[in-house]
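Trainee:
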Amino acid sequence: MKYFNRDNEKIYYNEWNCSSTPKAVLLIIHGMAEHISRYSDFAKFMNKGEINVLGMDLRAHGQTGIEMNSLGHFANDDWNKILKDIEYLLDIKKYEYHKKYGKNIPFFILGHSMGSFITRNFINEYDAKLSGIIIMGTGNVDNPVLYNITRLLTTFGEKKKLAKFVHKAAFKSNNDKISNPKTTFDWLSTDPNEVKKYIDDSFCGMYMTNGFYNEFMKGMQKISKLEKKNLHKKALADTPILFISGKDDPVGGYGKLVKSAREKYIRNGSKKTSLILYASMRHEILNEKDKLRVYSDIKLFIENSIEHFFLREYHS
Numbered sequence: 156m157k158y159f160n161r162d163n164e165k166i167y168y169n170e171w172n173c174s175s176t177p178k179a180v181l182l183i184i185h186g187m188a189e190h191i192s193r194y195s196d197f198a199k200f201m202n203k204g205e206i207n208v209l210g211m212d213l214r215a216h217g218q219t220g221i222e223m224n225s226l227g228h229f230a231n232d233d234w235n236k237i238l239k240d241i242e243y244l245l246d247i248k249k250y251e252y253h254k255k256y257g258k259n260i261p262f263f264i265l266g267h268s269m270g271s272f273i274t275r276n277f278i279n280e281y282d283a284k285l286s287g288i289i290i291m292g293t294g295n296v297d298n299p300v301l302y303n304i305t306r307l308l309t310t311f312g313e314k315k316k317l318a319k320f321v322h323k324a325a326f327k328s329n330n331d332k333i334s335n336p337k338t339t340f341d342w343l344s345t346d347p348n349e350v351k352k353y354i355d356d357s358f359c360g361m362y363m364t365n366g367f368y369n370e371f372m373k374g375m376q377k378i379s380k381l382e383k384k385n386l387h388k389k390a391l392a393d394t395p396i397l398f399i400s401g402k403d404d405p406v407g408g409y410g411k412l413v414k415s416a417r418e419k420y421i422r423n424g425s426k427k428t429s430l431i432l433y434a435s436m437r438h439e440i441l442n443e444k445d446k447l448r449v450y451s452d453i454k455l456f457i458e459n460s461i462e463h464f465f466l467r468e469y470h471s
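Under my numbering, the sequence shown has 298 at position 143, and the numbering climbs by one with no breaks.
1) Which word fits residue 454, buried or exposed, when buried means at least 16 other C-beta atoms lie within 10 angstroms of its C-beta?
2) Would you list the residues sitting across from residue 171 in a DSSP beta bridge?
3) Thinking residue 403 and residue 435 are a contact (beta carbons under 8 angstroms), I'd like their distance in whole angstroms, please.
4) Taking the beta carbon of residue 439 as the centre, do at least 16 other beta carbons fall within 10 Å, making it buried, or is it exposed?
5) Given 8 angstroms as the limit, is there contact between the region 374–394 and the region 263–278, that is, 3 or more CB pairs closer than that?
6) Starting from the C-beta of residue 360, find all residues in its chain whose C-beta is less than 7 angstroms away, skip the five residues before and the five after it, and write them out in chain order.
7) From 229, 297 and 327, pick the residue whose C-alpha is nearest to that of residue 415; which is it?
8) How far does the beta strand (DSSP E) with residue 310 in it extend, from its first residue to its last?
9) Is it true that the CB of residue 219 sits closer than 9 angstroms to the CB of residue 164?
10) Taking the alpha carbon of residue 238 as the point to measure from, which residue in 388, 358 and 183 has its own alpha carbon closest?
11) On a CA-only basis, which of 225, 254 and 265 is nearest residue 197? Give me that one, please.
12) With residue 422 as the anchor, note down where its alpha helix (DSSP H) starts and where it stops.
13) Give every residue of the same chain whose Cβ lies closer than 6 angstroms to the Cβ of residue 194, excluding the five residues on either side of it in the sequence, and list them in chain order.
14) Once you ignore the five residues that flank residue 317 on each side, which residues in its own chain have a CB closer than 7 angstroms to its CB?
15) Would a C-beta distance cut-off of 9 angstroms place residue 366 and residue 228 closer than the cut-off?
16) Please state the DSSP three-state secondary structure of residue 291.
17) Considering residue 256, what are the terminal residues of the alpha helix (DSSP H) in which it resides?
18) For the beta strand (DSSP E) that contains residue 401, what are its first and last residues?
19) Give me the Cβ distance between residue 245 and residue 283, rounded to the nearest whole Å; I'm assuming they're in contact under 8 angstroms.
20) Is the CB-CB distance between residue 488 and residue 457 below 9 angstroms?
21) Report the option in 179, 158, 410 and 230 whose CA atom is closest to the CA atom of residue 373.
22) Mapping the DSSP letters down to three states, classify residue 182 as helix, strand or coil.
23) Considering only C-alpha positions, which residue in the set 160, 185, 446 and 460 is nearest to residue 293?
24) Provide the residue span of the beta strand (DSSP E) that contains residue 193, from first to last.
25) Which residue comes first and which comes last in the beta strand (DSSP E) that contains residue 438?
26) Between the C-alpha atoms of residue 158 and residue 211, what's the straight-line distance to the nearest angstrom?
27) In whole angstroms, what separates the C-alpha of residue 469 from that of residue 259?
28) Using the C-alpha atoms, what's the distance from residue 222 back to residue 408?
29) Secondary structure at residue 228, three-state DSSP: helix, strand or coil?
Encoded structure:
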């Protein structure tokens with residue numbers, strides 16, 4: 156893995172590059188309790204379509220979490236520091252690509268699960284001039300009960316304690332609609348092999364700390380306020396946004412919360428939103444039995460949005 160230094164910390168990231176000049180670059184923001192290397196198969200598929208892919212191990216996750224001695228734990232303001240990490244990585248890569256190819260290459264962002272919320276925060280706070288946005292496996296940003304629980308726990312000095320109570324409150328019902336689940340993580344995918352890979356991965360599925368959840372919940376409250384203020388209405392109005400999820404994903408309220416998130420952006424003036432809900436797919440649609448269908452749909456969204464990017468470049 157490569158790394159960049161920001162805020163006196165090493166942030167590790169991966170790149171998957173095609174052999175020719177790329178049509179586009181896709182930045183992936185991964186979910187909670189996982190890491191960016193899990194997206195390797197998807198990235199290699201994108202490479203075949205001349206789309207380069209990159210993504211960080213976010214703070215508290217993967218190699219970055221190991222380097223910072225903070226695996227599973229968000230320190231104070233780490234949510235906002237991740238937003239700055241994203242801005243920094245986009246800036247340096249846009250500069251590198253322009254220098255190498257002598258032209259602007261369209262950049263896209265894909266956020267999955269927790270990464271979808273980070274992405275929603277990012278696009279409403281930073282004008283990153285993205286050519287398209289993919290919100291995958293998203294859900295509700297308003298959870299005042301969980302926020303108050305985590306705030307109380309961290310107020311009384313429990314920041315670095317493993318959040319077993321919070322974890323149970325957040326995830327205990329995720330298997331409820333699955334008949335005879337074999338593991339506590341069956342809600343992730345209908346493919347038992349993919350669920351096993353997740354369970355066997357030491358960087359996945361671990362308990363996070365109370366401090367982590369408190370920062371996460373503060374981030375969610377921030378998103379709610381930002382989406383109401385709608386500061387980047389003009390920038391987001393013409394940017395293609397794809398909301399994509401499994402119909403059997405409990406995080407997305409089995410499709411309902413994904414639809415309501417999209418409707419919020421439409422009300423806020425986004426003119427180019429689209430929605431795909433996959434029947435019989437759960438939370439990790441990139442790790443489902445029919446994942447190639449999902450890969451192809453995302454690739455098609457990027458290709459269609461590239462045409463829009465070059466039209467805007469021509470008319471600007």
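Glycine included, each C-beta is placed from N, C-alpha and C at the ideal position.
Mentor: Straight from the coordinates:
1) Counting from one through the sequence shown, the residue named residue 454 turns up at place 299. By the 10 Å Cβ count, residue 454 comes out buried.
2) Numbered from its first residue, the sequence shown carries residue 171 at position 16. Per DSSP, 208.
3) For the purposes of this step, residue 403 is taken as the residue at position 248 of the sequence shown. For the purposes of this step, residue 435 is taken as the residue at position 280 of the sequence shown. Yes, they are in contact, since the Cβ atoms of residue 403 and residue 435 sit about 6 angstroms apart, within 8 angstroms.
4) Position 284 of the sequence shown, counted from the start, is the residue given in the question as residue 439. Its Cβ being crowded by 16 or more others within 10 Å, residue 439 is buried.
5) yes
6) Position 205 of the sequence shown, counted from the start, is the residue given in the question as residue 360. Cβ neighbours of residue 360 beyond the five flanking positions: 188, 340, 353 and 354.
7) Position 260 of the sequence shown holds residue 415. Measuring from the Cα of residue 415, the nearest candidate turns out to be 297.
8) Residue 310 sits at position 155 when you count from the first residue of the sequence shown. Residue 310 -> not in any beta strand (DSSP E); alpha helix (DSSP H) instead, spanning 299–310.
9) Walking along the sequence shown from the start, residue 164 turns up at place 9. Walking along the sequence shown from the start, residue 219 turns up at place 64. Their beta carbons are under 9 angstroms apart, which means residue 164 touches residue 219 by this criterion.
10) Numbered from 1 along the sequence shown, position 83 holds the residue referred to as residue 238. Answer by Cα proximity: 183.
11) Position 42 of the sequence shown, counted from the first residue, corresponds to residue 197. Among 225, 254 and 265, the Cα nearest to that of residue 197 belongs to 265.
12) Counted from its first residue, the sequence shown places residue 422 at position 267. Counting along the chain, the alpha helix (DSSP H) containing residue 422 begins and ends at 411–422.
13) Walking along the sequence shown from the start, residue 194 turns up at place 39. So the list reads 183, once near-sequence residues are dropped.
14) Locating residue 317 in the sequence shown gives position 162, where the first residue counts as 1. If we look at residue 317 and ignore the five residues flanking it on each side, its Cβ neighbours are 362 and 364.
15) One-based indexing of the sequence shown puts residue 366 at position 211. One-based indexing of the sequence shown puts residue 228 at position 73. Yes.
16) Reading the sequence shown from its first residue, position 136 is the one you call residue 291. Looking at residue 291 - three-state DSSP - the assignment turns out to be strand.
17) As a position in the sequence shown, residue 256 is number 101, starting the count at 1. Looking at the DSSP string, the run of the alpha helix (DSSP H) that includes residue 256 is 233–256.
18) Counting from one through the sequence shown, the residue named residue 401 turns up at place 246. Where residue 401 is concerned, the enclosing beta strand (DSSP E) stretches over 396–401.
19) Sequence index remark: in the sequence shown, residue 245 carries index 90 (1-based). Sequence index remark: in the sequence shown, residue 283 carries index 128 (1-based). Rounded, the Cβ-Cβ distance is 6 angstroms, consistent with contact.
20) This structure leaves residue 488 out entirely; the chain is present only between 156 and 471.
21) The count along the sequence shown starts at 1 and reaches residue 373 at position 218. Out of 179, 158, 410 and 230, 230 has the C-alpha closest to the C-alpha of residue 373.
22) Counted from its first residue, the sequence shown places residue 182 at position 27. Residue 182 falls in the strand class under three-state DSSP.
23) What you label residue 293 is simply residue 138 of the sequence shown in a count that begins at 1. It is 185.
24) As a position in the sequence shown, residue 193 is number 38, starting the count at 1. From DSSP, residue 193 is part of no beta strand (DSSP E); its letter is neither H nor E.
25) If you number the sequence shown from 1, residue 438 lands on position 283. Run containing residue 438: none; DSSP gives neither H nor E here.
26) Here residue 158 refers to the residue found at position 3 of the sequence shown. Here residue 211 refers to the residue found at position 56 of the sequence shown. Approximately 9 angstroms, taken between the alpha carbons.
27) Along the sequence shown, read from residue 1 onward, the residue named residue 469 stands at position 314. Along the sequence shown, read from residue 1 onward, the residue named residue 259 stands at position 104. In this predicted model, residue 469 has a pLDDT of only 42, less than 50, meaning its place in the structure is not dependable enough to derive any value.
28) Along the sequence shown, read from residue 1 onward, the residue named residue 408 stands at position 253. Along the sequence shown, read from residue 1 onward, the residue named residue 222 stands at position 67. If I take the Cα positions, the gap works out to 35 angstroms.
29) Residue numbering aside, residue 228 sits at position 73 when the sequence shown is read from its first letter. Three-state DSSP puts residue 228 in coil, outside helix and strand.
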